[in-house]
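Protein chains in written order, with our numbering: chain G, -4 to 235; chain B, -4 to 235.
Glycine included, each C-beta is placed from N, C-alpha and C at the ideal position.
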DNA sequence: CGAAGATAGTTAACGGTGTAAACTCTTTGA
DNA sequence: TCAAAGAGTTTACACCGTTAACTATCTTCG
């Protein structure tokens, strides 16, 4: 027979799963609806989530972990020797998921209430996956990275002790400029996908993926993808 | 004595104002709270908004109009002969406002429920202000714009009949590539500000404005601001 | 002018929500 | 074994969006 801790963990999982299925189905994420789904009463959920906000946060973390896995999976469809293809496949997967799951995307990535930095950094977050992919790309292509001395001193200080991306603590100091490249690339991807998802732009441009393609094109230069661009563009056409 | 239509319009305004003040104050935007604010009962509001969603939309439009005005005001602090300074001042104002009013920003710019394209295009929207500023800049600087024939044919077709930005219908066809430049620039600004606002990045980078500065720097080239960059960077330092 | 109708507002009510309190069982651990 | 801890329940409260029925008040037009 299962121990208490086991059933508790199982229930915890069922709660998050039920909550996720609700928001995926486009329904309201409410304590009572989750309880109904699990044949429980709403107050029982307070044994697992301190508040409604807390439940939302749990769901957000679960979704983020899931999309991180999807992104990693899309990347894994290409060989490790082709980090450029991996990166592009991951980016396309992220975009496709966001456009197809606007409510979930909003919950995780544009939620004012969920404190993300503190929690998402602890777990396997989507942003971290991109950090890893970009790092792998750099290991192969050796695109130029700024020297810390070329950066604003304050900024250089931050790069010496990076907070948000992957665990690059073992990256030697003279190539910590990579973190900056990384954050800038993430900002482009995140920004483009968010704009496309929330539609503050001509919808036809979104539908045909022009904005996304242009963003990738822009990044090709700084990321040393120029020589490979025709092949990667073809890959993009195929995936979009 | 005021006619019926007048009092109605006044009440309408008071409703939106009260609703705005609620979300500005960080409170929940609820029909009953708005009614309370105005010494009314909640059902009375149904004479002015068809539903709660409708009220939210009204507030979103009001906020958008307000930030559009702020942006225009910030631009107007610089002479019309200096469109570059105008553009930068406007961008900084947009960013500052977003960071200082996350809830309102989310309501207007990353709201899944509010259909923005259809409604925001009709009124004076924030995006449109930037279109105008960028157009003014182009008139002075004549930064290069792509020929429609250089663009993807589908994309070129969209540019011939632009939907979202300003009323550029009187722009001759051989410079409609400007619309594309415009949408791309907006995507950079929107994306950067959204990322900074929702904090999926190292908060220290946001606080010091490095990401925003880098974004502006990136845009300087394509927008023909290179020669002016030192001056504009100084302006940026001053405004941030 | 005066009656008919439209309009702004009310009260009452319904079902749904988050959450607290008090209460049962059942499991755990000394 | 027995007391403490834990999972879940019922009950209750205040709040929410929304509808229906009703009352004034203003407008309009014969």
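C-beta contact flag for residue 155 of chain G and residue 179 of chain G at 8 Å:
No, they are not a contact pair.
Contact belief for residue 90 of chain B with residue 191 of chain B at Cβ below 8 Å, rounded distance in angstroms:
Here residue 90 of chain B really is in contact with residue 191 of chain B; their C-beta atoms are around 7 Å apart, less than 8 Å.
Roughly how many angstroms lie between the CA atoms of residue 68 of chain B and residue 133 of chain G, to the nearest whole one?
Here the alpha carbons of residue 133 of chain G and residue 68 of chain B stand approximately 44 Å from one another.
Using a beta-carbon distance below 8 Å, is residue 122 of chain G in contact with chain B?
Interface residue, yes.
Kindly list, in the order they appear in chain G, the residues whose Cβ is closer than 9 Å to that of residue 136 of chain B.
For residue 136 of chain B, no chain G residue has a Cβ inside 9 Å of its Cβ, as the nearest lies near 20 Å away.
Counting only Cβ-Cβ distances shorter than 8 Å, please list the residues of the segment 177 to 197 of chain B near chain G, keeping chain order.
So the close ones are 178, 179, 181, 182, 183, 185, 186, 187, 189, 190, 193, 194, 195, 196, 197.
Does the segment 141 to 151 of chain B come close enough to the segment 198 to 209 of chain G that 3 or more CB-CB pairs lie under 8 Å?
These segments touch.
Helix, strand or coil, according to DSSP, for residue 195 of chain G in the structure here?
Of the three classes helix, strand and coil, the one that applies to residue 195 of chain G here is coil, per DSSP.
Can you confirm whether residue 66 of chain G, when its beta carbon is compared against all beta carbons of chain B, has any partner nearer than 8 Å?
No, no contact with chain B.
When the Cα atoms are used, what is the spatial distance from residue 5 of chain B to residue 79 of chain G?
If you draw a straight line from the Cα of residue 5 of chain B to the Cα of residue 79 of chain G, it is about 59 Å long.
For the segment 62 to 76 of chain G against the segment 22 to 29 of chain G, do three or more pairs of beta-carbon atoms, one drawn from each stretch, fall closer than 8 Å, so that the two count as touching?
The segment 62 to 76 of chain G makes no contact with the segment 22 to 29 of chain G, as fewer than three CB pairs between them are under 8 Å.
At least one CB of chain B closer than 8 Å to the CB of residue 20 of chain G: is that the case?
Not one chain B Cβ lies under 8 Å of residue 20 of chain G.
Pairwise C-alpha distance: residue 95 of chain B and residue 33 of chain B:
Cα to Cα, the separation comes out at about 26 Å.
Start and end of the alpha helix (DSSP H) containing residue 7 of chain G?
Per DSSP, residue 7 of chain G belongs to the alpha helix (DSSP H) from -1 to 19.
With DSSP collapsed to three states, give me the class of residue 22 of chain G.
In this structure, residue 22 of chain G counts as coil in the three-state DSSP scheme.
The segment -3 to 15 of chain B contacting the segment 100 to 109 of chain G, beta-carbon criterion three pairs below 8 Å
The segment -3 to 15 of chain B vs the segment 100 to 109 of chain G: no contact.
Within 10 angstroms of the Cβ of residue 121 of chain G, are there 16 or more other Cβ atoms? Answer buried if so, exposed if not.
Counting the other CB atoms within 10 Å of its CB gives residue 121 of chain G a total of 16 or more, which places it among the buried residues.
Check residue 35 of chain B in the structure and name its three-state DSSP category.
Annotated three-state conformation of residue 35 of chain B is coil, per DSSP.
Would you check if the distance between the CB atom of residue 240 of chain G and the CB atom of residue 227 of chain G is smaller than 8 Å?
What is shown of chain G runs -4 to 235, which leaves residue 240 of chain G out entirely.
Take residue 207 of chain B and list the residues in its own chain whose beta-carbon comes closer than 7 Å to its own, dropping the five residues that flank it on each side.
The residues are 90, 187, 191.
Quick check: residue 21 of chain B and residue 93 of chain B, are their CB atoms within less than 8 Å of each other?
The answer is no: Cβ separation not under 8 Å.
To be precise: take each residue of the segment 87 to 109 of chain G, compare its Cβ to all Cβ atoms of chain B, and keep it if any distance is under 8 Å. Which residues remain?
Going along the segment 87 to 109 of chain G in chain order, one finds 97, 98, 101, 104, 105, 106, 107 with a Cβ nearer than 8 Å to chain B.
Skipping 5 residues on each side, what residues in its chain have a beta carbon closer than 7 Å to that of residue 73 of chain B?
Result list for residue 73 of chain B: 80, 81, 84, in chain order.
Taking the alpha helix (DSSP H) that residue 150 of chain B falls in, what are its first and last residues?
First-last of the alpha helix (DSSP H) with residue 150 of chain B: 148 to 155.
With distances taken between CB atoms, is the gap from residue 18 of chain B to residue 54 of chain B smaller than 8 Å?
A contact, by the Cβ cut-off of 8 Å.
Compare the beta carbon distance of residue 140 of chain B and residue 173 of chain B with 8 Å and say whether it is the shorter of the two.
The answer is yes: Cβ separation under 8 Å.
On the CB-based measure, 16 or more other CB atoms within 10 Å of its CB, does residue 42 of chain G come out buried or exposed?
By the neighbour-count rule (16 or more Cβ atoms within 10 Å), residue 42 of chain G is not buried but exposed.
Cβ neighbour criterion (16 or more within 10 Å) applied to residue 127 of chain G
Classification for residue 127 of chain G: buried.
So which residues of chain G does residue 54 of chain B contact, with C-beta pairs closer than 9 Å?
Result: empty, since nearest Cβ-Cβ is about 15 Å, beyond 9 Å.
Interface flag, residue 215 of chain B vs chain G, CB-CB below 8 Å
So, not an interface residue.
Can you give the Cα-Cα distance for residue 221 of chain B and residue 215 of chain B, rounded to whole angstroms?
Computed Cα separation, rounded: 6 Å.
Mind checking the segment 201 to 225 of chain G against chain B and listing, in chain order, the residues whose C-beta falls within less than 9 Å of any C-beta there?
Considering only beta carbons, the part of the segment 201 to 225 of chain G lying closer than 9 Å to chain B consists of 203, 205, 206, 208, 209, 210, 213, in chain order.
Of all the options B:47, B:77, B:36, which has the alpha carbon lying nearest to the alpha carbon of residue 109 of chain B?
Comparing Cα-Cα distances from residue 109 of chain B to each of B:47, B:77, B:36, the minimum goes to B:47.
Beta-carbon proximity list for residue 213 of chain G, same chain, < 8 Å, skipping 5 on both sides:
Within the same chain, 183 come within 8 Å of residue 213 of chain G by CB-CB distance, once the 5 residues on both sides are set aside.
Look at the alpha carbon of residue 130 of chain G and the alpha carbon of residue 58 of chain G, and state the distance between them as a whole number of angstroms.
Taking the straight line joining both Cα atoms gives about 24 Å.
For the segment 26 to 59 of chain B, enumerate the residues whose C-beta is nearer than 7 Å to any C-beta of chain G, in chain order.
So nothing in the stretch comes that close.
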